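*Asks:*
There are 2 protein chains.
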Amino acid sequence: MSTRRMPNATIRDVAREAQVSVASVSRALNGHERVRPELRARVQEVAARLGYVPHAGARSLSLARTSAIGVVLPDLHGEFFSELLRGMDREVAAQGLALLLTVLQDGRGLNTLAALRGQVDGLVVMAPQLGAAELRAQLPAGLPAVFLNCVPGLAGAALRVDNAAGAAAMVDHLVAAGARTIAHVAGPVGNVDAEERRAGAVAAAERAGVALTVVQGDFTEASGAAAAAQVARGAIRADALFAANDAMAIGALVALKGHGVAVPRQVRVAGFDDIPLARLVTPALTTMRVDIAALGARAVQLLARRIVAPAEGLVEVDPAGAEAIVPRLVVRDTTTETDRETQS
Amino acid sequence: MSTRRMPNATIRDVAREAQVSVASVSRALNGHERVRPELRARVQEVAARLGYVPHAGARSLSLARTSAIGVVLPDLHGEFFSELLRGMDREVAAQGLALLLTVLQDGRGLNTLAALRGQVDGLVVMAPQLGAAELRAQLPAGLPAVFLNCVPGLAGAALRVDNAAGAAAMVDHLVAAGARTIAHVAGPVGNVDAEERRAGAVAAAERAGVALTVVQGDFTEASGAAAAAQVARGAIRADALFAANDAMAIGALVALKGHGVAVPRQVRVAGFDDIPLARLVTPALTTMRVDIAALGARAVQLLARRIVAPAEGLVEVDPAGAEAIVPRLVVRDTTTETDRETQS
DNA sequence: GTCGTTGATGTAACCGTTTACACGTAACAA
DNA sequence: TTGTTACGTGTAAACGGTTACATCAACGAC
Numbered sequence: 001m002s003t004r005r006m007p008n009a010t011i012r013d014v015a016r017e018a019q020v021s022v023a024s025v026s027r028a029l030n031g032h033e034r035v036r037p038e039l040r041a042r043v044q045e046v047a048a049r050l051g052y053v054p055h056a057g058a059r060s061l062s063l064a065r066t067s068a069i070g071v072v073l074p075d076l077h078g079e080f081f082s083e084l085l086r087g088m089d090r091e092v093a094a095q096g097l098a099l100l101l102t103v104l105q106d107g108r109g110l111n112t113l114a115a116l117r118g119q120v121d122g123l124v125v126m127a128p129q130l131g132a133a134e135l136r137a138q139l140p141a142g143l144p145a146v147f148l149n150c151v152p153g154l155a156g157a158a159l160r161v162d163n164a165a166g167a168a169a170m171v172d173h174l175v176a177a178g179a180r181t182i183a184h185v186a187g188p189v190g191n192v193d194a195e196e197r198r199a200g201a202v203a204a205a206e207r208a209g210v211a212l213t214v215v216q217g218d219f220t221e222a223s224g225a226a227a228a229a230q231v232a233r234g235a236i237r238a239d240a241l242f243a244a245n246d247a248m249a250i251g252a253l254v255a256l257k258g259h260g261v262a263v264p265r266q267v268r269v270a271g272f273d274d275i276p277l278a279r280l281v282t283p284a285l286t287t288m289r290v291d292i293a294a295l296g297a298r299a300v301q302l303l304a305r306r307i308v309a310p311a312e313g314l315v316e317v318d319p320a321g322a323e324a325i326v327p328r329l330v331v332r333d334t335t336t337e338t339d340r341e342t343q344s
Numbered sequence: 345m346s347t348r349r350m351p352n353a354t355i356r357d358v359a360r361e362a363q364v365s366v367a368s369v370s371r372a373l374n375g376h377e378r379v380r381p382e383l384r385a386r387v388q389e390v391a392a393r394l395g396y397v398p399h400a401g402a403r404s405l406s407l408a409r410t411s412a413i414g415v416v417l418p419d420l421h422g423e424f425f426s427e428l429l430r431g432m433d434r435e436v437a438a439q440g441l442a443l444l445l446t447v448l449q450d451g452r453g454l455n456t457l458a459a460l461r462g463q464v465d466g467l468v469v470m471a472p473q474l475g476a477a478e479l480r481a482q483l484p485a486g487l488p489a490v491f492l493n494c495v496p497g498l499a500g501a502a503l504r505v506d507n508a509a510g511a512a513a514m515v516d517h518l519v520a521a522g523a524r525t526i527a528h529v530a531g532p533v534g535n536v537d538a539e540e541r542r543a544g545a546v547a548a549a550e551r552a553g554v555a556l557t558v559v560q561g562d563f564t565e566a567s568g569a570a571a572a573a574q575v576a577r578g579a580i581r582a583d584a585l586f587a588a589n590d591a592m593a594i595g596a597l598v599a600l601k602g603h604g605v606a607v608p609r610q611v612r613v614a615g616f617d618d619i620p621l622a623r624l625v626t627p628a629l630t631t632m633r634v635d636i637a638a639l640g641a642r643a644v645q646l647l648a649r650r651i652v653a654p655a656e657g658l659v660e661v662d663p664a665g666a667e668a669i670v671p672r673l674v675v676r677d678t679t680t681e682t683d684r685e686t687q688s
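Residue numbers (the working numbering), protein chains in the order written: chain Z, 1 to 344; chain S, 345 to 688.
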């Protein structure tokens, strides 16, 4: 009760108290095998009594590793951000690592990134707006890294959402649901996700032998509504409207309703992302769900592997060797005739 | 181009290359004053050329501080989580600190917390489900801490959302909007936020002289819908439904619509939190907005202050000395008769 | 009885920084 | 000239761990 006042016990304090050398304390606490059980027990008891916690800095100095990984994220919002971190944290905890978080706000991050070098063993980087050259310049060389949804060709393992496959699956679903003429509301040009989804949709439509018109959008509800208006007016002929994200799909849904178009009877509607709102609108929106937490966990797992064996994983970098997480189709009411009461 | 291959340059490498001592390098790079400008420039040039980044561990060992703060959060979802972290990160970056994130999943966290001791200079802890005794036992003694929405009486500065005042403000608003019989859908028992909101609502209703029935909920949409069903069926008489969070309010809103109850004409609906979804539902939800990012930033600011001056801030701990952030009333369409087109 | 051998423990060097102190130099006052 | 000061720089000792190597005791084989 009264002996534990010392703010920070060191390994030497423990050694003195337990009447052994510092080496023995270190060995006892780190699960070394050549330690007499009796001694190990005594050391553990003393360590607990003194509230000894190894100094992370000293350890990292000695071991040449920090047991921490850095996460660099863009200025994200909401569910995506929290799910990603939750997934990462889960895996990080499992691996006995710590998580150092950095948000890439505005223009900073340039030197912020470099400063991470001394603090972490590896990096999970998500920076859809940065080019490969920029990134490469900023990143500490020789630090294992895993990239999320980045341009390919970086020196590190890459992990991405297979937008193309997801979009293709959605087109297939629409076709199976009876669509013959699809309007795809694309996301902003230059956005990697948007481009991939468009390409996947176009390819799948071609394969399926159905017509597909691409309408330019920008991921906002307004742009979805505008596209829907064109469909409602007949300026674009379509019996299915597939938006590159849920926001546009919902905008379209509202607009179609406003124009007196029946969904899904006259026009089927589908989105992408499965944002929380998707199941709340009426009719509930069919969309593609990405398991964000799994994406985060997988990224950490990959990074941890690359940290212990830097060579591994380098192979899979080149061309399109990035590992992909395939989104899952979530069918709700905007693409199915039956007017179900329950919404999943 | 070819000289920067060395994975990790140390201060000695820089010293050798710049033909000075390590002490001078350290002084030059850390902005010490007694350094000849010419020498400082040379050192900086060499450091940049070699890509030298100080080893954080070594530095923390030498300085007895880590320049990192730990954040311990419950398993939160969505916007709240991301906003809080965004606010924290903003302040943390401004202070030149790093952010170590830990999510308190399930039962773990007990030893996880202790392990943080060696890695951070202070802690921001949010653990609404833990009692004061539990927390005190887990927390490394002598580590500055700031608590968010925790039970009072802990050895550290506290910062909280004034849930009671917020709930009271909402009840007042409902009364002003014509409500005479309020149903309050409470959050899960044991949750501090939920309890405070309920207490605030009950007290305000009493003051205003209106009837208030408490219906048990659990922060999920389903529980909000269930409560609304009771109101719609007449099992509970109420002309206003005030849910302890937006999720329940939205669940209620949808359920009321389903039962053919007009909102806000027959029953006014209000939530708490102002999640993004709140302004998207129709009619748009009246709610209380908490500036979460500001809360996070303020917590970090307070912590940073306590780290440089451990004595400071200890005064404000006792009774109810916790600093409080008061939520702001956001009036939308679920409580006002006028069927406005625009939604703020 | 001596000599390996083996296994448990201690000693001390090292990881990369910071910084108190020592030292050398130059400027200036006496 | 000789002290005194001030300033710039170098030397070396921490900081708290890990671990190669040395040491030492116990034991069995000869």
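Glycine included, every Cβ here is placed at the ideal spot set by N, Cα and C.
Keep in mind the model is a prediction, meaning the values are calculated, not measured.
Of all Cβ atoms in chain S, is any one closer than 8 Å to the Cβ of Arg117(Z)?
*Replies:* Counted from its first residue, the first sequence places residue 117(Z) at position 117. So yes, Arg117(Z) belongs to the interface.
*Asks:* I'd like to check one pair, Met88(Z) with Leu99(Z): are the Cβ atoms closer than 8 Å?
*Replies:* Numbered from 1 along the first sequence, position 99 holds the residue referred to as residue 99(Z). Numbered from 1 along the first sequence, position 88 holds the residue referred to as residue 88(Z). For Leu99(Z) and Met88(Z), yes; Cβs fall inside 8 Å.
*Asks:* So which residues of chain Z does Asp433(S) contact, with C-beta pairs closer than 8 Å?
*Replies:* Taking the first residue of the second sequence as 1, we reach residue 433(S) at position 89. Within chain Z, the residues near Asp433(S) are Leu101, Thr102, Val103 and Gln105.
*Asks:* What does a CB cutoff of less than 6 Å around Val670(S) pick up in its chain, not counting 5 residues either side in sequence?
*Replies:* Start at 1 with the first residue of the second sequence, and residue 670(S) comes out as number 326. Hits under 6 Å: Asp506 and Ala509.
*Asks:* Glu630(S) bridges to which residues according to DSSP?
*Replies:* The residue you call residue 630(S) lines up with position 286 of the second sequence. Here residue 630(S) turns out to be Thr, not Glu, going by the sequence shown. DSSP, once it has assigned bridges, lists Ala614(S) as partnering Thr630(S).
*Asks:* Taking Cβ positions only, does Phe272(Z) come closer than 8 Å to chain S?
*Replies:* By 1-based counting over the first sequence, the position of residue 272(Z) is 272. Closer than 8 Å: no.
*Asks:* To the nearest angstrom, how far is the alpha carbon of Ala357(Z) from that of Arg180(Z)?
*Replies:* What is shown of chain Z runs 1 to 344, which leaves residue 357(Z) out entirely.
*Asks:* With a cut-off of 8 Å, do at least 3 Cβ pairs link the stretch 256 to 263 of chain Z to the stretch 51 to 65 of chain Z?
*Replies:* no
*Asks:* Spatial neighbours of Arg332(Z) within its chain, please: C-beta separation below 8 Å, excluding the five flanking residues on both sides.
*Replies:* Numbered from 1 along the first sequence, position 332 holds the residue referred to as residue 332(Z). So the list reads Ala278, Arg279, Pro283, Ala284, Leu285, Thr286, Thr287, Gln343 and Ser344, once near-sequence residues are dropped.
*Asks:* If you measure from the beta carbon of Ser370(S) to each beta carbon in chain Z, is any gap under 8 Å?
*Replies:* Along the second sequence, one-based indexing puts residue 370(S) at 26. For Ser370(S), the answer is no, since every Cβ of chain Z falls outside 8 Å of its Cβ.
*Asks:* Assuming Ala168(Z) and Ala201(Z) make a contact with CB atoms under 8 Å, what is their CB distance in whole Å?
*Replies:* Taking the first sequence and counting its residues from 1, the one referred to as residue 168(Z) is at position 168. Taking the first sequence and counting its residues from 1, the one referred to as residue 201(Z) is at position 201. Confirmed, about 7 Å.
*Asks:* Between Val300(Z), His32(Z) and Ser62(Z), which has its C-alpha nearest Arg90(Z)'s C-alpha?
*Replies:* As a first step, residue 90(Z) is located in the first sequence; it is residue number 90 there, counting from the start. Nearest C-alpha to Arg90(Z): Val300(Z).
*Asks:* Assuming Ile325(Z) is part of the beta strand (DSSP E), what are its boundary residues?
*Replies:* Numbered from 1 along the first sequence, position 325 holds the residue referred to as residue 325(Z). Where Ile325(Z) is concerned, the enclosing beta strand (DSSP E) stretches over Glu323 to Ile325.
*Asks:* Leaving out the 5 sequence neighbours to the left and right, which residues in its chain are closer than 6 Å to Leu24(Z) when beta-carbon positions are compared?
*Replies:* Counting from 1 along the first sequence, the entry for residue 24(Z) is found at position 24. For the record, residue 24(Z) in the displayed sequence is Ser; it is not Leu. Closer than 6 Å at the Cβ level, and outside the excluded window around Ser24(Z), lies no residue.
*Asks:* My parser needs the beta strand (DSSP E) runs of 3 or more residues fully inside the stretch 517 to 604 of chain S; what are they?
*Replies:* Counting only runs of 3 or more residues that sit fully inside the stretch 517 to 604 of chain S, the beta strand (DSSP E) segments are 525 to 530, 555 to 560 and 584 to 587, in chain order.
*Asks:* Check for me: the alpha helix (DSSP H) holding Val369(S) runs from which residue to which?
*Replies:* Indexing the second sequence from 1 puts residue 369(S) at position 25. First-last of the alpha helix (DSSP H) with Val369(S): Val366 to Leu373.
*Asks:* Taking the C-alpha atoms as reference points, what is the distance between Gly486(S) and Leu61(Z)?
*Replies:* Here residue 486(S) refers to the residue found at position 142 of the second sequence. Here residue 61(Z) refers to the residue found at position 61 of the first sequence. A direct Cα-to-Cα measurement between Gly486(S) and Leu61(Z) gives close to 24 Å.
*Asks:* Just tell me which of Asp357(S), Gly568(S), Gly414(S) and Ala552(S) has its CA closest to the CA of Gly640(S).
*Replies:* Indexing the second sequence from 1 puts residue 640(S) at position 296. Gly640(S) has its Cα closest to that of Gly414(S), out of Asp357(S), Gly568(S), Gly414(S) and Ala552(S).
*Asks:* With 8 Å set as the bound, which would you pick, yes or no: does the beta-carbon of Ser82(Z) sit closer than that to a beta-carbon of chain S?
*Replies:* Mapped onto the first sequence, residue 82(Z) falls at position 82. Closer than 8 Å: yes.
*Asks:* Please report the residue range of the alpha helix (DSSP H) in which Gly296(Z) lies.
*Replies:* Working through the first sequence from its first residue, we reach residue 296(Z) at position 296. It spans Ile292 to Val308 - the alpha helix (DSSP H) in which Gly296(Z) sits, taken as one unbroken run.
*Asks:* My guess is that Leu429(S) and Thr446(S) are in contact by the Cβ rule of under 8 Å, so how many angstroms apart are they, rounded?
*Replies:* The residue labelled residue 429(S) in the question sits at position 85 within the second sequence. The residue labelled residue 446(S) in the question sits at position 102 within the second sequence. With a contact defined as Cβ atoms closer than 8 Å, Leu429(S) and Thr446(S) miss out at about 12 Å.
*Asks:* Expressed to the nearest angstrom, what Euclidean distance is found between the alpha-carbon atoms of His173(Z) and Glu206(Z)?
*Replies:* Within the first sequence, the letter at position 173 stands for residue 173(Z). Within the first sequence, the letter at position 206 stands for residue 206(Z). Going by the C-alpha atoms only, they are around 14 Å apart.
*Asks:* Of all Cβ atoms in chain S, is any one closer than 8 Å to the Cβ of His184(Z)?
*Replies:* As a working mapping, residue 184(Z) is identified with position 184 in the first sequence. Judged by the 8 Å Cβ criterion, His184(Z) is not in contact with chain S.
*Asks:* What did DSSP end up calling Leu658(S) once you bin it into helix, strand or coil?
*Replies:* Numbered from 1 along the second sequence, position 314 holds the residue referred to as residue 658(S). For Leu658(S), the predicted model reports a pLDDT of 43, less than 50, meaning its position is unreliable; a value from the coordinates is still stated below. In this structure, Leu658(S) counts as coil in the three-state DSSP scheme.
*Asks:* Ile413(S) by DSSP, collapsed to three states: which one?
*Replies:* Working through the second sequence from its first residue, we reach residue 413(S) at position 69. Strand.
*Asks:* Can you tell me whether Gly510(S) is helix, strand or coil according to DSSP?
*Replies:* Within the second sequence, numbered from 1, the residue matching residue 510(S) stands at position 166. If DSSP states are grouped into helix, strand and coil, Gly510(S) belongs with the helices.
*Asks:* Nearest-angstrom Cα distance between Val210(Z) and Val120(Z)?
*Replies:* Mapped onto the first sequence, residue 210(Z) falls at position 210. Mapped onto the first sequence, residue 120(Z) falls at position 120. Val210(Z) and Val120(Z): Cα-Cα distance of roughly 50 Å.
*Asks:* Given that Glu79(Z) touches chain S, what residues does it touch there, using C-beta distances under 7 Å?
*Replies:* In the first sequence, the residue the question calls residue 79(Z) occupies position 79. Result: Gly422.
*Asks:* Please list, in chain order, the chain S residues whose beta carbon lies closer than 9 Å to that of Arg86(Z).
*Replies:* Counted from its first residue, the first sequence places residue 86(Z) at position 86. Result: Asp419, Leu420, His421, Phe425, Val447 and Gln449.
*Asks:* Using a C-beta cutoff of 8 Å, does Val43(Z) count as contacting chain S?
*Replies:* Here residue 43(Z) corresponds to residue number 43 of the first sequence, with the count starting at 1. Judged by the 8 Å Cβ criterion, Val43(Z) is not in contact with chain S.
*Asks:* If we ignore side chains and look at the alpha-carbon of each, how far apart do Ala194(Z) and Ala177(Z) end up?
*Replies:* Mapped onto the first sequence, residue 194(Z) falls at position 194. Mapped onto the first sequence, residue 177(Z) falls at position 177. Cα to Cα, the separation comes out at about 24 Å.
*Asks:* Check Leu492(S) in the structure and name its three-state DSSP category.
*Replies:* Here residue 492(S) is taken as the residue at index 148 of the second sequence, counted from 1. It is a strand residue.
*Asks:* In the DSSP output, what is Val125(Z) paired with across the bridge?
*Replies:* What you label residue 125(Z) is simply residue 125 of the first sequence in a count that begins at 1. Partner(s): Val72(Z) and Phe147(Z).
*Asks:* Mind checking Val189(Z): buried by the 16 CB within 10 Å criterion, or exposed?
*Replies:* Counting from 1 along the first sequence, the entry for residue 189(Z) is found at position 189. Under this definition Val189(Z) is an exposed residue.
*Asks:* If you draw a straight line from the C-alpha of Leu256(Z) to the C-alpha of Leu556(S), how long is it?
*Replies:* As a working note, residue 256(Z) is residue 256 in the first sequence. As a working note, residue 556(S) is residue 212 in the second sequence. So the alpha carbons of these two residues sit roughly 41 Å apart.
*Asks:* Based on the DSSP secondary-structure assignment, which residues constitute the bridge partners of Ala157(Z)?
*Replies:* Counting from one through the first sequence, the residue named residue 157(Z) turns up at place 157. According to DSSP, Ala157(Z) bridges with Val146(Z).
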